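Visitor: Each residue of the sequence shown is one higher than the one before, counting from 1 in the UniProt record's numbering. Glycine included, C-beta positions come from ideal geometry on N, C-alpha and C. Quick caveat: nothing in here was measured; it's all calculated off a predicted structure.
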Amino acid sequence: MPRFFFNVYDRRGWLHDFEGMEVDPSGLRKCAIEQARSLICDDVQHGVLDLRGRIEVTSEASEIVLVLGFNQVVARVLI
């Protein structure tokens, strides 16, 4: 199974994923969504909601295979 790296860009800067994860390519987007939502939840627990961040998924060959903005993984409901 191929290894992918989930690099995070957010208000704190850039966090390079040096370990990566072995993920079936068909489940890559789902995995990135889960990671983005987890990061958003951590921020919300500290009183911050910043959807300007993103996850860039790269292959072992350092090719960008997916860019997923935090604003793409949650629904906005305004009252």
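Measuring CB to CB, does R12 end up less than 8 Å from R52?
Guide: no
Visitor: With a threshold of 16 other CB atoms inside 10 Å of the CB of I40, please say whether the residue is buried or exposed.
Guide: So I40 counts as buried.
Visitor: Any idea if A32 is buried or exposed, counting beta-carbon neighbours within 10 angstroms, 16 or more meaning buried?
Guide: In this structure A32 is buried. Its beta-carbon is surrounded by 16 or more other beta-carbon atoms within 10 angstroms.
Visitor: Using a Cβ-Cβ cut-off of 8 Å (strictly less than) and excluding sequence neighbours within five positions of D50, which residues of its own chain qualify?
Guide: D10, R11, D43 and F70
Visitor: So, using beta-carbon positions, are F6 and I64 closer together than 8 Å?
Guide: no
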